[in-house]
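S.K.: Below is one structure. I have some questions about it.
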Amino acid sequence: MPPPVFRFAPSPNGHLHLGHAYSALLNFDSARQRGGAFLLRIEDIDATRCRPEYEAAIYEDLRWLGITWEEPVRRQSEHFGAYRDAIDKLAAQGLIYPSFESRAEIARLVEAREKVAPWPRDPDGAPLYPGTAKTLSPTERERLMAAGAPFAFRLDMEAAIARAGSLAWIEQGAGPDGEAGEVAARPEAWGDVILARKETPTSYHLSVVIDDALQGVSEVVRGEDLFWSTSVHRLLQQLLGIAQPIYRHHPLIRDEAGQKLSKSTQATGLRELRAAGVPPTKIRQLVGLP
Ligand code: GLU
75 MPPPVFRFAP SPNGHLHLGH AYSALLNFDS ARQRGGAFLL RIEDIDATRC
125 RPEYEAAIYE DLRWLGITWE EPVRRQSEHF GAYRDAIDKL AAQGLIYPSF
175 ESRAEIARLV EAREKVAPWP RDPDGAPLYP GTAKTLSPTE RERLMAAGAP
225 FAFRLDMEAA IARAGSLAWI EQGAGPDGEA GEVAARPEAW GDVILARKET
275 PTSYHLSVVI DDALQGVSEV VRGEDLFWST SVHRLLQQLL GIAQPIYRHH
325 PLIRDEAGQK LSKSTQATGL RELRAAGVPP TKIRQLVGLP
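Here the working numbering is used: the first residue of the sequence shown is 75, the next is one more, and so on.
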């Protein structure tokens, strides 16, 4: 067996908190214990929310925690070409279509449908895309594109599943005795997900799958909030013919009220804790790591 490859993949859209420290340390420790590699990846595809100062702070905070990583760091914003190639591959299979509605228009469409019957929601609680643009004629699509209308490329989920068949991923801890076990993927729960936008030629789902494969990541250890996203990731791996890693979705660090941590809280931000004189060893203790 080749040595395992782990990664931590934050988005530089805010400062790191205890939840990030837990995830990063878990990956780093696992790589060390198993003689594997630890990679850091900067997920900065969203130019409107990501900032260089947050990226610099990520490096600083991780170093302070005693974490080291392999160079060079992969920054997603430098690899839009790789994601575009994947979109082309999916388009060649007839699995992608452009949709032109704004968020507000989609909300109105869903609202109208909800008056008639409950409308399905994805695992994150967002209403599924109603599929309205799927039936546009090729001429109409071309006309809208040529007119410079904003668009999003969506995966035709029904066609994608028909092509890929039923899928499962390997999850550490999902076996009957806590060992690795199979989880049945349910990509249909997400509907026709967005894979790229006019202004950002990729999406979280697409770039994470491409990068994990390109970087040879063998074990994805990340928060349980991303558990069901893995259904979409597994589907994309199958459609693109790329390797699937093993997954482990860890519990999230929560605040006293049981809420998920946000990027900007005084009590749990790594910068704030450091400024208050908390040492890195104490951070380990706070997140329950030895
Ligand atoms: N960039 C994602 C985040 O900050 C994590 C992606 C992943 O681990 O798959 O939430």
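No residue lacks a Cβ here, since even glycine has one placed at the ideal position from N, Cα and C.
#1: On the three-pair Cβ rule with 8 Å, is the stretch 282 to 298 touching the stretch 78 to 89?
#2: Specify, as a first and last residue, the run of the beta strand (DSSP E) that residue 226 falls within.
#3: Which ranges would you report for the beta strand (DSSP E) in the stretch 85 to 157 if only whole runs of at least 3 residues count?
#4: Could you tell me the alpha carbon to alpha carbon distance between residue 152 and residue 244, rounded to whole angstroms?
#5: Quick check on DSSP: helix, strand or coil for residue 184?
#6: Flag residue 383 as yes when its Cβ comes closer than 6 Å to any non-hydrogen atom of the ligand GLU, and as no otherwise.
#7: Counting Cβ pairs, one atom from each stretch, are 3 or more of them under 8 Å apart for the stretch 264 to 276 and the stretch 148 to 162?
#8: Applying the criterion that 16 or more other CB atoms from any shown protein chain within 10 Å of the CB defines a buried residue, is residue 308 buried or exposed?
#9: Assign residue 204 to one of three DSSP states: helix, strand, or coil.
#10: State yes or no: is the C-beta of residue 199 within less than 7 Å of the C-beta of residue 354?
#11: Closest by CA to residue 317, which one among 347, 325 and 285?
#12: Are residue 352 and residue 96 close, meaning C-beta to C-beta below 7 Å?
#13: Are the CB atoms of residue 229 and residue 184 nearer to each other than 7 Å?
#14: Hey, residue 149 and residue 116: beta-carbon distance below 7 Å or not?
#15: Quick one: Cα of residue 357 to Cα of residue 319, how far?
#16: Please state the DSSP three-state secondary structure of residue 264.
#17: For a test of your reading of the model: does the CB of residue 277 fall under 6 Å from any non-hydrogen atom of the ligand GLU? Yes or no.
#18: Is residue 261 close to the ligand MG? I mean its beta-carbon at under 6 Å from any heavy atom of the ligand.
#19: Helix, strand or coil, according to DSSP, for residue 176 in the structure here?
#20: Quick check: the stretch 213 to 230 against the stretch 172 to 180, are there 3 or more CB pairs under 8 Å?
#21: Report the three-state DSSP secondary structure of residue 294 (helix, strand or coil).
#22: What is the residue span of the beta strand (DSSP E) that residue 259 lies within?
#23: Do residue 259 and residue 242 have their CB atoms nearer than 7 Å?
#24: Measuring alpha carbon to alpha carbon, tell me which of 343, 271 and 305 ends up nearest residue 120.
M.R.: Inspection of the coordinates gives the following:
#1: Short answer: they touch.
#2: 226 to 229 is the span of the beta strand (DSSP E), which, as asked, contains residue 226.
#3: Listed in chain order, the complete beta strand (DSSP E) runs (minimum 3 residues) inside the stretch 85 to 157 are 111 to 116.
#4: Near 30 Å, if we compare the C-alpha coordinates of residue 244 and residue 152.
#5: It is helical.
#6: Nothing can be reported for residue 383, as the shown portion of the chain is limited to 75 through 364.
#7: Judged by pairs of C-beta atoms under 8 Å, the stretch 264 to 276 touches the stretch 148 to 162, as three or more such pairs exist.
#8: When all chains shown are included, residue 308 counts as buried.
#9: Under the three-state reduction of DSSP output, residue 204 falls in the coil class, being neither helix nor strand.
#10: By the CB criterion at 7 Å, residue 199 and residue 354 fall outside the cutoff.
#11: Nearest of 347, 325 and 285 to residue 317, Cα basis: 285.
#12: 7 Å or more divides the Cβ of residue 352 from the Cβ of residue 96.
#13: The answer is no: Cβ separation not under 7 Å.
#14: Yes, the Cβ-Cβ distance between residue 149 and residue 116 is below 7 Å.
#15: Straight-line Cα distance between these residues: approximately 29 Å.
#16: Correct three-state label for residue 264: helix.
#17: False, no ligand heavy atom lies under 6 Å from that Cβ.
#18: The ligand MG is not part of this structure, which contains only the ligand GLU.
#19: Reduced to three states, the DSSP call for residue 176 is coil.
#20: Enough Cβ pairs lie closer than 8 Å, so yes.
#21: Three-state DSSP puts residue 294 in a strand.
#22: Boundaries cannot be given for residue 259, as no beta strand (DSSP E) includes it and DSSP labels it neither H nor E.
#23: For residue 259 and residue 242, yes; Cβs fall inside 7 Å.
#24: Here the closest residue by C-alpha is 271.
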